[in-house]
Amino acid sequence: MLWSPWRYQYVKSATSAQECLFCRLKEMRDDEAYVVYRGRYNFVVLNTFPYNSGHLMIAPYRHVESLEKLSDEELLELVKLINKSITALRKAVNPEGFNIGVNIGRPAGAGVPGHIHVHVVPRWTGDSNFMPVIAETKTLPIALSETYRLLKENWPTS
6 MLWSPWRYQY
16 VKSATSAQEC
26 LFCRLKEMRD
36 DEAYVVYRGR
46 YNFVVLNTFP
56 YNSGHLMIAP
66 YRHVESLEKL
76 SDEELLELVK
86 LINKSITALR
96 KAVNPEGFNI
106 GVNIGRPAGA
116 GVPGHIHVHV
126 VPRWTGDSNF
136 MPVIAETKTL
146 PIALSETYRL
156 LKENWPTS
């Protein structure tokens, strides 16, 4: 279980927001929204409230709430972008493992339940320590802007 009390501010803002986070992000400039890659049907964005450094989210441009509502083309590209995300993260931040997940619906833990998205979270041995529990603070060894730069530089071209 990934417990992250420091993300409360995000959860609070996401539940009160009138506009969909992913619909807003897809319209922003890449460097402003931390969009690492734009495909034909989906885009990859760095999570600004990450579980770990390099936490990526992959979302379709189309506002749909579940995987079965995606077209075959959207779904295929989404899965390929999971692979490309893993490749880029291996080169950029050298994780030992990954958590890849989709939360469909608020009861399943979706912070943005109306817009399906996949989380790709790099993991390292010992990446969870006492700080989140005691101080409700997650320590990240790399600044968000540096992680963004590394991922852009290491994104696979084919």
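Residues are numbered in our numbering as their position in the sequence shown, beginning at 1, plus a constant of 5. A virtual CB, placed ideally from N, CA and C, is assigned to each residue, including glycine.
In the structure shown, Val69 adopts coil according to DSSP, grouped into three states. In the three-state DSSP reduction, Phe54 falls in the coil class, being neither helix nor strand. Arg43 has Phe48 as its beta-bridge partners, per DSSP. Annotation: Gly44 to Glu24 spans about 22 Å, alpha carbon to alpha carbon. In the DSSP assignment, Asn104 falls within the beta strand (DSSP E) that extends over Gly102 to Gly106. Beta-bridge partners of Pro161 (DSSP): none assigned. The closest CA to that of Ile63, considering only Asn99, Ser150 and Asn47, is found on Asn47. Ile121 sits buried, since 16 or more C-beta atoms from the chains shown fall within 10 Å of its C-beta. The region 110-126 makes contact with the region 66-80; the number of CB pairs closer than 8 Å reaches 3 or more.
About 17 Å separates the CB atoms of Glu151 and Trp129; that is not less than 8 Å, and the two are not in contact. Looking only at Asp77, Glu82, Ser90 and Leu81, the smallest Cα-Cα distance to Asn52 is reached by Ser90. Excluding sequence positions up to five before and after Ser76, its CB lies within less than 8 Å of the CB of Tyr46, all in the same chain and listed in chain order.
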